[in-house]
Every structure is written in structure tokens, then in C-alpha cells.
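Residues in the sequence shown are numbered from 8 upward in steps of one, following our numbering. Even for Gly, the Cβ is constructed at its ideal location relative to N, Cα and C. Encoded as C-alpha cells, the structure appears first; notes follow it.
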Amino acid sequence: MPVGWFVTVYIYIDIEDQHPDSLRFIHDCEKALGKPIEILRSDYGTVSNVCRSFRFIASAYGAKCTEVLKKRVRKKWEYEHKEYDITYVWGMDCDEIHRADRLVEAMTEFSHEFPLIDRQLTKKDAHGICRNLGIKRPAMYDMGYQNNNCIGCVKGGMWYWNRIRVDFPEIFADRAAMEREIGHSILRNKNGSLFLDELDPKAGRKRDEIMEECGIYCSIAYRDAYK
């Protein structure tokens, strides 16, 4: 490739545990972008497969499913494109500057851009921009969840798991059985480990759900991008 040229590639790492509506969202984004999004997947497929295969769920250093289903897949893609100087464009919003800083420190071999942070846009603003573009946000947000993570995310808290118990009882039951098989709990309380089958159905505190919003910074960003 001639010096000074660059190629923009859109990639999405798909995990089987994600809500089926997530792929609908990705295809809607493809239409809005006018370009294809490359979908990458791990051979392990699901969170359950990873945790049961490695007999490990998570620790203070992170979740095993994140490492295997996301990080390893991304690193494989990076290796396959090692002849390029890669610049990642990340979707952290202006409330996640700490995450962006940690990412830059951990991935020094790449360049990074954070367009939402640079434009002082929140997650609500991002949802508002999608609405303005005619893109329906992923279904998990409309169900009241704060993130579009895997259904049954091992990083979720008590309120989250009690919602999963109601909305996706089969997944709740599978994760509860998985904990006992491995001998490690997802949750913790003041007494230490708290297994899902011990969780009080009324435990946890709901944080504010994500509403679609487009404030002044959102409007400016939308105008500059699509004027």
C-alpha cells in the first residue's frame, strides 16, 4: 500500500450470549455507514463454554470470558494485519475517561482515538444520535439494562442478576449451576462469596436506565458529521 494511504475497517466481535437483536443493530449500522462490518467470533462461542472449559469465571484481574471471547479474537485479528499501523477508534463516552486512559496505557503499540470523549458526548447522547440516524438501539437498553453486554454477564451485580432471573430464567439457572460446578461465585457480599442460588430476589439497587438524549454537544456533533 502506498505511503500515506489508510483503510478504515469496521469490526465487531460477536458472542453467542449476546441478545439476538445486537446483530440487527450491527446490520442497521452497516446501512447507515454504507460499508460492511466484519464480524469476528471465537471458536469457544459462549461464556459457559469458556468458564466450564477453563474452570474459571473471574477475578480481580478480569473475566475469563472477556479474555477468550474478545481479547484473543482481537489479538488474532491484529496478528493477521500486523503489516499495518493500526489506529483503534473506541466508543467510550465522556464518563469513561478512566477506561480510555487504562486502555491507552495497556495497548501502547497502537494509536487510539475516542471521538465521544473528544466531543464530550455521553452514552445518552450516542443513543440520541442513533435515533436521529434512524437506527434503533439494541433491545437490552429498552428492557432497562445499562449495557448491551452478554445476557448473563459475569461482571453484573445483584440487581442485574435479579433482572436476568426474571427476563432470562434459563440463563440464570445455567449460570447458577455453572458456579456450583466450578466452585466459584460471580457475586460477593460482606460475608464473602454469594452464589446465585443464594441471591435474595429483592437484593440490589437499580441504577438509572439509559434514556435516548441529544443535548447541545450531541447536536453539534451530529451537525458537523452530517451537514
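By the 16-neighbour rule on beta-carbons within 10 angstroms, K71 is buried. Looking only at I22, I20, F32, D24, the smallest Cα-Cα distance to A146 is reached by F32. With a contact defined as Cβ atoms closer than 8 Å, I193 and V161 qualify at about 5 Å. As for any beta strand (DSSP E) of minimum length 3 sitting wholly inside the segment 95 to 156, the runs are 118 to 120, ordered along the chain. DSSP lists A70 as the beta-bridge partner residues of A65. Given a length threshold of 3 residues, each whole run of the beta strand (DSSP E) inside the segment 151 to 203 is given here in chain order: 194 to 196, 199 to 201. Under the 10 Å beta carbon count, Y51 is surrounded by 16 or more other beta carbons and is classified as buried.
The DSSP-derived three-state label of I93 is coil. S55 and I22 have their C-alpha atoms roughly 11 Å apart. In this structure, DSSP gives L76 a helical state, which the three-state scheme calls helix.
Counting along the chain, E45 sits inside no alpha helix (DSSP H); it lies in the beta strand (DSSP E) bounded by residues 44 to 47. With contacts defined as CB atoms closer than 8 Å, V16 and E37 fail to qualify as a contacting pair. In its chain, beyond the 5 residues on either side, I124 have a beta carbon closer than 8 Å to the beta carbon of I104. Between D24 and the set G199, K197, I171, the nearest pair of CA atoms involves I171.
The segment 78 to 93 and the segment 168 to 186 do not touch, with fewer than three beta-carbon pairs separated by less than 8 Å.
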